[in-house]
Amino acid sequence: MPKPTIDDIARAAGVSKGTVSRVINQHSTVAQRTRARVEALMSEMGYVPDPAARHLSWRTGQTLGLSTLSGDPLLSPYQVLFRRALEQHTAPAGVQLLDLHGDLGTVGRLPSAVLLMHIRDDDSRLPFLEQQGVPVVLIGHHPQHSWVAPDDRGGAALATRQLTQAGHRDLLFLGSGESQVARDRHAGFLDAAREVGATVQTLPGGFTVLDGYRTVRRAWEDGLRFSGCFAASDELAVGVVAALSDLGLEVPQDVSVVGFDGLPELPLPIPLSTVAQDIAGIAEVALKLVQEALEGLPPRGEYVPVVLQPGATVAPAPR
């Protein structure tokens, strides 16, 4: 028989998972009668809490996992900035931030709570952490878990409108379609493109500058043409600009390019037009949601606003 999970205990006792977690960690906020019922059921069903479940309070000595998928770049500029923003809050509180890359099943001891990056529809990390009773907060959105995300769809529409308002009607979207982020940004791109009846094309772009360079250069050499490009990240946008330059085209005179993220110090000769997200604000909200999850509060989600940051990579469409 499979081992009972925290969900099984909560269901049998008629309480929430948060209540079971508080019983495991001997919180004083649980009524004595409820505590006795939950403890009796754990004993009867042979439930043994995971070691991480005994750390469910946000206090000095806690650990917080930052989980990325095995194919995700670990040292991307966005990832570095997000981790730095988290550490500004976790380090003073004595909370250790752990990088969890790839399969969580190989982790010897799970942290007190986990932030999940780059969520996908078939993400196996969610059911695994639920079974282990580890609180989870998503960087992305989900109907049943706590989450925080930038307004990817609205921001992508802002970026695309900058192109359409400059007269561009032959548009390209560059971005990997597997991730929730890329799908939301693609949806926002289509929202704005359809407003003016623009012709749209889509290329899977990966994540890195090199991905953007190789994808656009190969597509252009194969005959693909567009006057405006919305890249799903600033890194991809940098690759697009480099590819166009090597093809003998000028940005923005021949092709306009807009990115997304608002990363500082990009390796470009001119400022990139981009949609800037509040990375520090996302980190702050994420940690607030982690605290709420550790306290057993109901899950909730929050979008963090984005802003269009005009640069020098967009110009009126060529005739």
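Last residue of the sequence shown: 319 in the UniProt record's numbering, with the numbers rising by one and none dropped.
Each residue gets a CB set at the ideal place from its N, CA and C atoms; glycine is no exception.
All values derive from a computational prediction rather than experimental measurement.
* Count the CB pairs spanning the region 174 to 184 and the region 213 to 232 that are closer than 8 angstroms, and state whether there are at least three. => By the C-beta criterion, the region 174 to 184 is judged to be in contact with the region 213 to 232, since at least 3 inter-stretch pairs fall below 8 angstroms.
Nearest by alpha-carbon distance to Val80: which of Ala13, Leu263 and Glu44 is it? Here residue 80 is taken as the residue at index 80 of the sequence shown, counted from 1. In this structure, Leu263 is the residue among Ala13, Leu263 and Glu44 with its C-alpha nearest to the C-alpha of Val80.
message = Can you tell me whether Ala293 is helix, strand or coil according to DSSP?
response = In the sequence shown, residue 293 corresponds to position 293, counting from 1. Look at Ala293 here: in three-state DSSP terms it is helix.
Cutoff 6 angstroms; reference Phe128; Cβ partners in own chain excluding five residues on either side:
Locating residue 128 in the sequence shown gives position 128, where the first residue counts as 1. The beta carbon of Phe128 sits closer than 6 angstroms to the beta carbons of Leu104 from its chain, once the five residues preceding and following it are set aside; these are given in chain order.
Looking only at its chain, what residues have a beta carbon closer than 7 angstroms to the beta carbon of Ala192, apart from the 5 residues adjacent to it on each side? Within the sequence shown, residue 192 is the residue found at index 192, counting from 1. By the criterion of a C-beta distance shorter than 7 angstroms, Ala192 is surrounded in its chain by Ala157, Thr160, Arg161 and Thr164, once the five residues flanking it on both sides are discounted.
Out of curiosity, what's the CA-to-CA distance linking Leu190 and Glu130? In the sequence shown, the residue the question calls residue 190 occupies position 190. In the sequence shown, the residue the question calls residue 130 occupies position 130. Taking the straight line from one Cα to the other gives about 35 angstroms.
Give the secondary structure of Pro51 by DSSP, where H, G and I count as helix, E and B as strand, and everything else as coil.
Here residue 51 is taken as the residue at index 51 of the sequence shown, counted from 1. Reliability of the predicted coordinates at Pro51 is poor, the pLDDT of 45 falling under 50, and no value is obtained from them.
*Anticipated Cβ contact below 8 angstroms, Val257 with Val241, distance rounded*: Translated into positions along the sequence shown, residue 257 becomes position 257. Translated into positions along the sequence shown, residue 241 becomes position 241. With a contact defined as Cβ atoms closer than 8 angstroms, Val257 and Val241 qualify at about 6 angstroms.
Practice prompt. Could you check the C-alpha separation between Ser76 and Arg169 for me, to the nearest Å?
Written response: As a position in the sequence shown, residue 76 is number 76, starting the count at 1. As a position in the sequence shown, residue 169 is number 169, starting the count at 1. Answer to the nearest angstrom: the Cα atoms are 32 angstroms apart.
What residue range is occupied by the uninterrupted alpha helix (DSSP H) comprising Asp246? Taking the sequence shown and counting its residues from 1, one reaches residue 246 at position 246. Boundaries of the alpha helix (DSSP H) harbouring Asp246: Asp234 to Asp246, taken from the DSSP string.
| query | If you follow the beta strand (DSSP E) that Ala231 is part of, which residue opens it and which one closes it? | reply | Within the sequence shown, the letter at position 231 stands for residue 231. Counting along the chain, Ala231 sits inside the beta strand (DSSP E) bounded by residues Gly228 to Ala231.
- Message: Rounded to whole angstroms, what is the Cα-Cα separation between Leu287 and Gln132?
- Response: Taking the sequence shown and counting its residues from 1, one reaches residue 287 at position 287. Taking the sequence shown and counting its residues from 1, one reaches residue 132 at position 132. Spanning the two alpha carbons is a distance of roughly 20 angstroms.
Starting from the C-beta of Gly167, find all residues in its chain whose C-beta is less than 7 angstroms away, skip the five residues before and the five after it, and write them out in chain order. Against the sequence shown, residue 167 aligns to sequence position 167. Cβ neighbours of Gly167 beyond the five flanking positions: Pro316 and Ala317.
Legend entry - Nonlocal neighbours in the same chain, by C-beta distance under 8 angstroms from Gln253, ignoring five residues either side: Counting from 1 along the sequence shown, the entry for residue 253 is found at position 253. Same-chain partners within the cutoff: Ala315 and Pro318.
I'd like the span of the beta strand (DSSP E) that includes Thr63, first residue to last. The count along the sequence shown starts at 1 and reaches residue 63 at position 63. Where Thr63 is concerned, the enclosing beta strand (DSSP E) stretches over Thr63 to Thr68.
Could you name the residues of the same chain whose beta carbon sits closer than 7 angstroms to that of Gly223, not counting the 5 residues immediately before and after it, in chain order? Here the question's residue 223 lines up with position 223 in the sequence shown. Around Gly223: no qualifying Cβ.
Any 3 or more C-beta pairs closer than 8 angstroms across the region 276 to 294 and the region 82 to 90: Of all C-beta pairs linking the region 276 to 294 to the region 82 to 90, three or more are shorter than 8 angstroms, placing the two stretches in contact.
Margin query: Using a 10 Å radius around the Cβ and a threshold of 16 neighbouring Cβ atoms, would you call Val238 buried or exposed?
Written below: Position 238 of the sequence shown, counted from the start, is the residue given in the question as residue 238. Val238 should be labelled buried.
The beta strand (DSSP E) spanning Ala149 covers which residue range? The residue labelled residue 149 in the question sits at position 149 within the sequence shown. From DSSP, the beta strand (DSSP E) with Ala149 extends over Ser146 to Pro150.
Subject >> Candidates Ile139, Leu247, Gly296 and Thr208, of which the one nearest Arg225 by Cα >> reply: Locating residue 225 in the sequence shown gives position 225, where the first residue counts as 1. Residue Leu247 is the option with its Cα nearest to Arg225.
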